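One structure is given here, and the rest of the page talks about it.
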Amino acid sequence: METLASIESFVRSAEAGSFSQAARNLGLTPAAVSKNVAKLESRLGIRLFQRSTRSLMLTEAGEVFLAQIKGGLDSIQAALANVENVAGKPAGVLKISLALAFGRDYVLPAVNDFINTYPDVIPDLHFDNRSVDIIAEGFDVAIGGGIELVPGVIAREIGRAHVIPVASPAYIAAHNMPTKPADLAHLDGIMRRSPQSGRLRSWTLRNAAGEEAHMELKTRIIMDDPEAMCRAALLDLGVAMVPRLHALPYLESGTLLRLLPSWYADIGPISLYYSSSKLMPAKTRLFVDFILMRFRELDIAGKFSASPRKK
Numbered sequence: 025m026e027t028l029a030s031i032e033s034f035v036r037s038a039e040a041g042s043f044s045q046a047a048r049n050l051g052l053t054p055a056a057v058s059k060n061v062a063k064l065e066s067r068l069g070i071r072l073f074q075r076s077t078r079s080l081m082l083t084e085a086g087e088v089f090l091a092q093i094k095g096g097l098d099s100i101q102a103a104l105a106n107v108e109n110v111a112g113k114p115a116g117v118l119k120i121s122l123a124l125a126f127g128r129d130y131v132l133p134a135v136n137d138f139i140n141t142y143p144d145v146i147p148d149l150h151f152d153n154r155s156v157d158i159i160a161e162g163f164d165v166a167i168g169g170g171i172e173l174v175p176g177v178i179a180r181e182i183g184r185a186h187v188i189p190v191a192s193p194a195y196i197a198a199h200n201m202p203t204k205p206a207d208l209a210h211l212d213g214i215m216r217r218s219p220q221s222g223r224l225r226s227w228t229l230r231n232a233a234g235e236e237a238h239m240e241l242k243t244r245i246i247m248d249d250p251e252a253m254c255r256a257a258l259l260d261l262g263v264a265m266v267p268r269l270h271a272l273p274y275l276e277s278g279t280l281l282r283l284l285p286s287w288y289a290d291i292g293p294i295s296l297y298y299s300s301s302k303l304m305p306a307k308t309r310l311f312v313d314f315i316l317m318r319f320r321e322l323d324i325a326g327k328f329s330a331s332p333r334k335k
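Residue numbers (this note's numbering): 25 to 335.
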C-alpha cells in the first residue's frame, strides 16, 4: 500500500497547483513533495501531473484518481484528529497567519503563554499584512482583518478596527488645532497607499451621533505601512490616519495627539479565522479558545475602539 505521505503530497499539490506551495502547506521541501508524488506515479504506473517550469496540471488520469481518493484522505485525517481530541494531548506544528504589528504586539505575548501551557505544540508564525487563503495555504489559524470568509472557514470577531487622525504636539503647535473634519483640509497629510490597488486611501469619518464627513488632507508624503506613518507623524510631517491599535502606545506616552476625538473611520472587524471542520485538531481548538479568552481578559476590543466612551 502506498504511504499516506505520498498520497497527501499528491492531493495537496493538486489543490495548490504547485509542489512549492504544497511543500509550504505540509512543512516539507519542494523536492520531498515531488519525490513523494513520483513514488506514487511509479507505484500506479501512470502520470498524475503534466509538469512544466511554470505550471503543474493534472492529467486526465490524475483527475480521476484525485476524485476517487480525496474523500478518503480527508476521512483519514479527520480520524487522526479525532484520536488526538480523545487523547487530549495537543501536539505538532500549528501554522498561524498574523498581521504584522498586531501579531507582534498583542498575539505573540499570548502565544508565549500558550507554549508554556502546551509545550508539545510548535507555533509556526507567519507575519504578513496580506489576506491569506486559509485552506489553500494550509493555515490552521489566521488573525487579522480583510480575510474573505469562504465556505469552510469560521470567523470569530475580536474587535472593530477604527482608524483615527493623529499628529505630533509640535506639529499641532505650529498649526491650528482642527475642531471639525473640514479643518483637516488645511493640514499636511501622511497618506496611505492601498497595497491592493496602489491608490491613496480615502476616509469617511463618522461620530457617535451617526454623522459622516469625508476627510481631506494636503498630501505631504505617501506610505503603505501604518507603523511607518506613526513614525513620520513623530517627525512632525503632518497628520496620519492610522488604526488606533498602532497609535495607542504613542497616545499613551503623549508623543502623538488624537485629533477630533469624536470622529473615526471604521474599516471592519479584526477576527480569528479557522477551518470549520467538525473534527478540529486539539491543538487548533485549544489555541482558538486560549486566544479568545486572553483577548477578553485584556479587553482587546476596547483597545481597538475609537469610540468617545473609550479612553
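Note that the Cβ used here is the ideal one computed from N, Cα and C, for glycine as well. All of these numbers come straight from a predicted model, not from anything done at the bench.
Along the alpha helix (DSSP H) that carries residue 313, what are the first and last residues, could you check?
-> Taken as a continuous stretch (DSSP letters only), the alpha helix (DSSP H) holding residue 313 covers 306-322.
Which of the three DSSP states, helix, strand or coil, is assigned to residue 156?
-> Residue state, collapsed to three classes: coil.
Counting pairs of beta carbons, one from the segment 69-88 and one from the segment 125-137, are three or more of them closer than 8 angstroms?
-> no
Contact between the segment 174-191 and the segment 279-294 (3+ Cβ pairs under 8 angstroms) = Output reads yes: the segment 279-294 touches the segment 174-191.
Contacting residues, own chain, Cβ-Cβ under 8 angstroms from residue 64 (five flanking each side not counted) | 26, 30, 31, 33, 34, 72
Whole angstroms is fine: what's the gap from residue 311's alpha carbon to residue 40's?
-> 26 angstroms
Cα-Cα separation, residue 257 to residue 242 | 14 angstroms
Go ahead and pull the three-state DSSP assignment for residue 186.
-> strand
What distance in whole Å lies between the Cβ atoms of residue 216 and residue 248, which are believed to be in contact at a cut-off of 8 angstroms?
-> 7 angstroms
Counted within 10 angstroms of its Cβ, other Cβ atoms place residue 67 as buried (16 or more) or exposed = exposed
Only counting runs of 3 or more residues, tell me where the beta strand (DSSP E) segments fall wholly within the segment 180-242, in order along the chain.
-> Entirely contained in the segment 180-242, the beta strand (DSSP E) runs reaching 3 residues are, in chain order, 212-216, 227-230, 236-239.
Return yes when at least one heavy atom of the ligand ATP lies under 8 angstroms from the C-beta of residue 236, else no.
-> Questions concerning the ligand ATP fall outside what the structure shown contains, since it holds no ligand whatsoever.
Compute the Euclidean distance between the alpha carbons of residue 20 and residue 137, then round it to the nearest angstrom.
-> Residue 20 lies beyond the stretch modelled for the chain, which goes from 25 to 335, so this question has no answer here.
On the DSSP bridge assignment, give the partners of residue 293 in chain order.
-> Under DSSP, residue 293 takes part in a beta bridge, and its partners are 184.
Drop a sphere of 10 angstroms on the beta-carbon of residue 140, count the other beta-carbons inside from all chains shown, and report buried for 16 or more, exposed for fewer.
-> Residue 140 is exposed by the Cβ-count criterion.
What is the DSSP secondary structure of residue 36, reduced to helix, strand or coil?
-> helix
What whole-angstrom Cβ distance do residue 283 and residue 191 have, given they're in contact under 8 angstroms?
-> Contact between residue 283 and residue 191 holds, with the beta-carbon distance rounding to 6 angstroms and staying under 8 angstroms.
CA-to-CA distance, residue 317 to residue 265, given in whole angstroms | Straight-line spacing of the CA atoms in residue 265 and residue 317 works out to 30 angstroms.
Could you please give the first and the last residue of the uninterrupted alpha helix (DSSP H) stretch that includes residue 59?
-> In this chain, the alpha helix (DSSP H) harbouring residue 59 covers 54-68.
Proximity of residue 208 and residue 253 at Cβ, strictly below 9 angstroms = no
Taking the continuous alpha helix (DSSP H) assigned at residue 135, which residues delimit it?
-> 132-141
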